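Written below as structure tokens is the structure these notes are about.
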Ligand SMILES: Cc1ncc(COP(=O)(O)O)c(C=O)c1O
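Numbering (the working numbering), first residue to last: -7 to 375.
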């Protein structure tokens, strides 16, 4: 029998993508607005550095915490982009942010510990915590709370569920794009520090913003745990590389875990990724495309009766309330995929309680595809 802990929910977006790919392979034209996958490749300098390292020969294991030069470069980024001093010794390079979640969850939480997660939120937080024997506690955020977690909401949750051992926020959030301001981030960090809760901040969508400032939880103090990745802004999803900044007392426990679980992050990706931080002008051009895509969908989807969106201040998603069209967004998405040839993700992936009223559209692809998708949805819903 498979273990009880392996009985986690599927990552629905991956199931949608599989079905979309199956239809495509059978000759259908499908617009992919389901997956959070940047349309552009990694910057050319990164790819060149990767080819050069490949040609040079052996790619050995690195330190479990990552290449010292990459750790130093990541630390320098915090000075450059956030004016925050980070000791490279606190930087841990990981196999994508996904591996950073496993390492930080294991280092912070014991089996049975409760971890507060804003809902809607990225489903893997909940499913990974469950697989590790922890107890994820959803904290509903929505239009009435400005889509933001607050110390008051945490206290209300604790009054109902008991003490939380930690909370995890994402800003910009997937799926809502909502962002925490500096005072909101500080208030959360301070309340967690006072209450002895771990405070984890997923900052994977930093630098993909449309006017608002991407605040790091490191502003709230050295006790916050920050998780980030080369996947999104840097367009390196398949390179499987991310990082976490952790308080000093977690470095050695995480090193021991990383040695045993992963040995080291991918060497080729580490060598190449060092170049990514200097490619911001090319990468910002991708963000300009996302901004165009966002404007296009915000203009065109209302013509099809989809007009109520979460903030989308950052990241590349529109989280749309479709309650006027359906009370079951999963079957709505399946029908839209089969009849209109547009793939999008049902909200239940992000919020098992209220998500059946929502659909997430990813606008990370090409602008022409967004225009075609909007046109197909208009024809489908208002024939
Ligand atoms: C909010 C969020 N965090 C983490 C990840 C995982 O990214 P990766 O493991 O590629 O760094 C994703 C991927 O979509 C995401 O949306």
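Every residue, glycine too, gets a C-beta built ideally from N, C-alpha and C. All values derive from a computational prediction rather than experimental measurement.
* Asked: What is the DSSP secondary structure of residue 255, counted as helix, strand or coil?
  -> Coil at residue 255, not helix or strand.
* To do: Please work out which residues of its chain come closer than 6 angstroms, Cβ to Cβ, to residue 171, disregarding the five sequence neighbours upstream and downstream, and give them in chain order.
  => So the list reads 163, 164, 204, 305, 306, once near-sequence residues are dropped.
* Asked: Does the Cβ of residue 140 lie closer than 8 angstroms to at least one heavy atom of ligand 1?
  -> For residue 140, the shortest C-beta to heavy atom distance toward ligand 1 is 8 angstroms or greater.
* Asked: In chain order, what residues of the same chain lie with their CB nearer than 8 angstroms to the CB of residue 317, ignoring the 5 residues before and after it?
  -> Cβ within range, chain order: 297, 298, 324, 373.
* Which full runs of the alpha helix (DSSP H) of 4+ residues lie inside the region 80 to 160, going along the chain? -> DSSP assignment within the region 80 to 160 yields the following whole alpha helix (DSSP H) runs of 4 residues or more, N-terminal first: 88 to 100, 115 to 123, 143 to 153.
* Asked: Could you give the distance in angstroms between the alpha-carbon of residue 368 and the alpha-carbon of residue 223?
  -> Pairing residue 368 with residue 223, the inter-Cα distance amounts to about 29 angstroms.
* What do you get for residue 77, buried or exposed, if any count of 16 or more other CB atoms within 10 angstroms of its CB means buried? -> Residue 77 comes out exposed.
* Compute the Euclidean distance between the alpha carbons of residue 168 and residue 189, then round it to the nearest angstrom. => If you take the alpha carbons of residue 168 and residue 189, they lie about 25 angstroms apart.
* So who's on the other strand from residue 235, going by DSSP bridges? -> For residue 235, which the question treats as bridged, DSSP gives the partners 85, 220.
* To do: Classify residue 69 as helix, strand or coil using the three-state DSSP reduction.
  => Residue 69: helix per DSSP, three-state reduction.
* Between residue 88 and ligand 1, is the CB less than 8 angstroms from at least one heavy atom? -> Taking 8 angstroms as the cut-off, one finds at least one heavy atom of ligand 1 near enough to the beta carbon of residue 88.
* Asked: Whose C-beta lies closer than 8 angstroms to the C-beta of residue 123 among residues of the same chain, with five residues either side of it excluded?
  -> Residues -3, -2, 0 of the same chain have their beta carbon placed closer than 8 angstroms to that of residue 123, with the five preceding and five following residues left out of the count.
* What are the residues that DSSP puts in a beta bridge with residue 301? -> DSSP, once it has assigned bridges, lists 312 as partnering residue 301.
* **Option nearest residue 137 by Cα separation, candidates 362, 341, 303, 370** => Selected option, being the one with the closest Cα: 303.
* At a cut-off of 8 angstroms, is residue 229 close to ligand 1 when judged by its beta-carbon and the heavy atoms of the ligand? -> True, at least one ligand heavy atom lies under 8 angstroms from that Cβ.
* Asked: residue 22: which of 330, 64, 177, 117 sits nearest, CA to CA?
  -> Scanning 330, 64, 177, 117 for the CA closest to the CA of residue 22 turns up 330.
* Close beta carbons around residue 213, own chain, < 6 angstroms, minus the five adjacent residues each side -> Excluding sequence neighbours, residue 213 sits near 181.
* Asked: What's the C-alpha gap between residue 233 and residue 257?
  -> Their backbone Cα atoms lie some 7 angstroms apart in a straight line.
* **residue 194 - partner residues in DSSP beta bridges** => Note: residue 194 sits in a beta bridge opposite 162, 219.
* Using DSSP bridges, identify the partner residues of residue 352. => Beta-bridge analysis with DSSP links residue 352 to 311, 337.
* Check: residue 232 C-beta below 8 angstroms from any heavy atom of ligand 1 -> Under cutoff, so the answer is yes.
* Drop a sphere of 10 angstroms on the beta-carbon of residue 251, count the other beta-carbons inside from all chains shown, and report buried for 16 or more, exposed for fewer. => By the Cβ neighbour-count rule, residue 251 is exposed, with fewer than 16 other Cβ atoms within 10 Å of its own.
* residue 175 - containing alpha helix (DSSP H), residue span -> Looking at the DSSP string, the run of the alpha helix (DSSP H) that includes residue 175 is 174 to 187.
* Looking at the structure shown, is residue 201 part of a helix, part of a strand, or coil, going by DSSP? -> Reduced to three states, the DSSP call for residue 201 is strand.
* Asked: In whole angstroms, what is the alpha-carbon distance linking residue 271 and residue 37?
  -> If I take the Cα positions, the gap works out to 8 angstroms.
* Secondary structure at residue 228, three-state DSSP: helix, strand or coil? -> Coil, per DSSP.
* Asked: According to DSSP, is residue 306 helix, strand or coil?
  -> Collapsing the DSSP output to three states places residue 306 in a strand.
* Asked: Roughly how many whole angstroms lie between the Cα atoms of residue 247 and residue 92?
  -> Near 12 angstroms, if we compare the C-alpha coordinates of residue 92 and residue 247.
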